[in-house]
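Accompanying notes for the structure given below.
There are 2 protein chains.
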Amino acid sequence: MRPVSIHTGAWRYPGAWADANFNFARLKYLIQKLEAGKFDAFFMADHLALLNMPIEALRRSHTVTSFDPLTLLPALAAVTERIGLIATASTTYNDAYHVARKFASLDHISNGRAGWNLVTTANPDAALNFGQDAHMAHGERYKRAREFYDVVTGLWDSFADDAFIRDQESGIFWDPARMHVLDHKGPELSVRGPLNVARPVQGWPVIVQAGASDAGRQIAAETAEMVFAAGGTLADAQAFYADVKGRAARYGRDPESIKILPGALVVVGDTVAEARAARDHLDSLVHEDSAIGSLSIALGVDARAFDPDGPLPEIPETEASKSGRERAINLARREGLTVRQLAQRLGGYAGLALVGTPETIADEMEQWLDGRGCDGFNIMFPHVPAGLDDFVDKVVPELQRRGLFRQDYEGTTLRDHLGLKRPENRFFP
Amino acid sequence: MRPVSIHTGAWRYPGAWADANFNFARLKYLIQKLEAGKFDAFFMADHLALLNMPIEALRRSHTVTSFDPLTLLPALAAVTERIGLIATASTTYNDAYHVARKFASLDHISNGRAGWNLVTTANPDAALNFGQDAHMAHGERYKRAREFYDVVTGLWDSFADDAFIRDQESGIFWDPARMHVLDHKGPELSVRGPLNVARPVQGWPVIVQAGASDAGRQIAAETAEMVFAAGGTLADAQAFYADVKGRAARYGRDPESIKILPGALVVVGDTVAEARAARDHLDSLVHEDSAIGSLSIALGVDARAFDPDGPLPEIPETEASKSGRERAINLARREGLTVRQLAQRLGGYAGLALVGTPETIADEMEQWLDGRGCDGFNIMFPHVPAGLDDFVDKVVPELQRRGLFRQDYEGTTLRDHLGLKRPENRFFP
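Listed in order, the protein sequences are those of chains A and B. Residue 142 in the UniProt record's numbering sits at position 142 of the first sequence, and the numbers go up by one each step. Residue 54 in the UniProt record's numbering sits at position 54 of the second sequence, and the numbers go up by one each step.
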């Protein structure tokens, strides 16, 4: 979510809520429906600047105005009971103390439902909104992110779970012996602590990552508990799954402690033909300007200069997302696409799409799960509300019937939903 | 609020909720009760480190674990309809882009109920949590705050109110001609913009300040729309009121566009004697360690070294809050208090207190309002929930009976409640 649909044409679909990204009442409807469908979590991506695409494409984008995730999710926490709440927060353009404090607060307010999608921010324009002349280099960003993670989790461990006594008789509110001052001094960050928030309900909010580059996979293997993976082919997904779980094992972690969930756009129909027609209609709503804009973002260069009917030229590496660039280049090479064809695919949504009936969609999901391609899916909706309603009303019951998905929540926290352990406090084991 | 009572002994009062600062269900009760009492707003102070007091006092404080205001208030927005939501955010330890974005998001999510209490942060320990060796000097902090205000309000004006077209037919979501790129490059901040959030419902969230030093008064006169004033005597308040409104007029502002609201601790009884006894009981719950701790905070030095039965020694100026130090020194001088006596006053609550029956409290309020001591009050409760319930159930009806307070909300936004105009967009008038 953010945009409420990844598909650029979503807001133009007949019956779609064009303003859903930026209308609290609509977002409240959507999350409550997802909760009725027993989803693990509501996942909110983020951007710290306008998307870096040409203005002709940008004026067609429904992402320009969106809520700050850490402001929206507390409000959604207050109108839900069980569903997890995953917010994106950048390690490049934030202070660790604020990030630790806001997620700890959200975890308490939601009674243990918070998750942190740790990103390093791919859009180089963000730098200019945060007092910097240029975006930090890819390797530097990941170095800072790794240290940032250590500081944030260390701050979450500032207090033992039993630190707050609140003895009205003696007047002792808390026990200083059950507090740890982090006193972190590292190459990138210097943070004394302690945090002025009690240890989160979940110990730590769930750590989520989406990096696909080598550095992204390594930090995920060392720290992530859930990975928002790129879709692609099942073979690609199996290789990614084995790679990340293997890296985790080599780092000394239980591979079961990382859940890998590829993004999947799901379009449901009463017949496969109806679903395919719906997707084609959706793709037809993507304007060529948006298509070229998406290609420009993926490549990190302005694609308007290219011959639309020619093959993709050589693209130099930039400090923008490496994985997006590689995916686009590989897709064009694999399918022999022209620049225009590639742009149209990327402009709609080029990743994993499950398009069919509830039965064929459940079949595909089962194949991915059984084939060790993933541990679950990050479901993306073609448009809202109908695309989301269809999934909850039609696909969820089919998955439940097959025993692939819960009938009801079994626990109360996001960790419970995902089958993840509560981390021990490193200072008060 | 934060703590839910300013009074250090509040959490120990018989029947008080000891965990109210850090329990969402309790805070939800409190704000809904305030809304039933037609309050303008729920005001949340903040700290970016543990209070800088000796540990023997700190372990008696109910403020050690508290929610981040910008995480709590969105959750409270979702469970209320009309009451304003004022969050404190520091200009010294934040990025302007984040502050602009979070308050704009809160204003939209709450349908125009957000306010920003702009502070420069008095506690020098905050610096150590944000990668700095020492707290920024007082004058520097205010210089940065003034520029920060210009940037945040400029970012709020990034889009004209009619920028978002969302024309599903043509596929144009918004009009780039109705967007302004701030491109701010100042001595303290460099922020390109635009904000990726539409202009707030209120144009700008209401600007609130609480500084009492000369620099604090001047920035309030130039920018604030509501001032959380120190209480003190009516004569002090009248002088402050005239000074700030006079500065505003000299700056070219309508003095009516700044509302001055002193903090007032209100203790209600069926008789004046009963109310006074309740306050005495509350004060008796303040431990001497806390009392000395509060004195240390006010002065910016460790007061344990002083002779408790002697007069207050000379106190050097530090980079901590100047106004707190001056208030303490003046109180001791005015009433000839020993160190212990001063500590006990400060340890409970030394500012303006209205202690009596609903009638005597309303009389005092009327005297302050008629005497141009203030435009209203920031009510502080001796303990919760009973101290707050008493105010809403007993004092509010008395104020309504006298025509001093609204019977119901007349508008929907915080600006409506306060009688403040919606600011024009400086780029799209």
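For glycine and all other residues, C-beta sits at the position ideal for the given N, C-alpha and C.
Asked, Found
"Through-space distance from Ala350(A) to Leu282(A), alpha-carbon basis", "13 Å"
"Residue environment, residue 437(B), which counts as buried when at least 16 other CB atoms sit within 10 Å", "The shown model of chain B, from 1 to 429, leaves out residue 437(B), and the question about it has no answer."
"Start-end ranges of the alpha helix (DSSP H) lying completely within the region 277-307 of chain A, minimum 4 residues", "288-299"
"Members of the region 342-373 of chain B that neighbour chain A once the beta carbon cut-off is set at 7 Å", "none"
"Endpoints, the alpha helix (DSSP H) within which Met1(A) is located", "Segment: none, Met1(A) is in no alpha helix (DSSP H) and carries neither H nor E."
"Within 9 Å, strictly: CB atoms of Gly376(B) and Ser190(A)", "no"
"Chain-ordered residues of the region 62-85 of chain B with a beta carbon less than 7 Å from chain A", "His62, Val64, Thr65, Ser66, Phe67, Asp68, Leu70, Thr71, Leu72, Pro74, Ala75, Ala77, Ala78, Val79"
"Cβ contact check for the region 210-226 of chain B and the region 169-188 of chain B: 3 or more pairs under 8 Å", "no"
"Ala160(B) and Asn425(B) closer than 9 Å at C-beta", "yes"
"For Arg141(A), three-class secondary structure by DSSP", "helix"
"Straight-line Cα distance separating Asp19(B) from Val395(B)", "26 Å"
"Under the three-state DSSP convention, the category Met365(A) falls into", "helix"
"Neighbour list for Trp174(B) in chain A, Cβ cutoff strictly below 7 Å", "Arg59, Val64"
"Short CB-CB distance (under 9 Å) between Pro194(A) and chain B", "yes"
"Proximal residues of chain B, C-beta to C-beta of Ser105(A) below 8 Å", "Phe67, Asp68, Thr71, Leu72"
"Contacting residues, own chain, Cβ-Cβ under 6 Å from Ala87(A) (five flanking each side not counted)", "Met44, Pro69, Leu70, Leu73"
"Proximity test, Cβ basis, 9 Å: Arg166(B) and chain A", "yes"
"Rounded separation between Ser158(A) and Pro200(A) - CA only", "10 Å"
"CB contact below 9 Å: Gly131(A) versus chain B", "yes"
"Beta-carbon separation (whole angstroms), Ile379(A) vs Val266(A), contact threshold 8 Å", "6 Å"
"9 Å Cβ cutoff met for Gly216(B) and Val272(B)", "no"
"Between the CA atoms of Gln238(B) and residue 435(B) - distance to the nearest angstrom", "With chain B covering only 1 through 429, there is no way to say anything about residue 435(B)."
"Any beta strand (DSSP E) of 3 or more consecutive residues that is wholly inside the region 155-203 of chain A", "164-167, 172-174"
"First and last residue of the uninterrupted beta strand (DSSP E) at Val119(A)", "114-119"
"Below-9 Å beta-carbon distance, Asp19(A) vs any chain B residue", "yes"
"Residues in the region 189-220 of chain B having any Cβ partner in chain A nearer than 8 Å", "Leu189, Ser190, Val191, Arg192, Gly193, Pro194, Asn196, Val197, Ala198"
"Chain B contact for His281(A) (CB, 9 Å cutoff)", "no"
"Beta strand (DSSP E) segment containing Phe103(B), residue limits", "Element bounds for Phe103(B): not the beta strand (DSSP E) but the alpha helix (DSSP H), 96-109."
"Phe228(A) - DSSP class collapsed to helix/strand/coil", "strand"
"Neighbourhood of Ser213(A) by C-beta distance below 6 Å, restricted to the same chain and skipping five residues each side", "Lys322, Ser323"
"heavy atom of the ligand MN below 8 Å from Phe67(B) C-beta", "With respect to small molecules bound, the structure shown includes none, and the ligand MN cannot be examined in it."
"Opposing strand residues paired with Asn378(A) [DSSP bridges]", "Gly263(A)"
"Chain-ordered residues of the region 122-154 of chain A with a beta carbon less than 7 Å from chain B", "Leu128, Asn129, Phe130, Gly131"
"Listed by chain order, chain B residues near Leu118(A) by CB distance under 7 Å", "Those do not exist, as Leu118(A) stays about 17 Å from chain B at its closest Cβ, beyond 7 Å."
"Chain B contacts from the region 90-102 of chain A (Cβ-Cβ distance under 9 Å)", "Tyr93, Asn94, Asp95, Ala96, Tyr97, His98, Arg101, Lys102"
"Burial state of Thr233(B) (16 or more Cβ within 10 Å)", "exposed"
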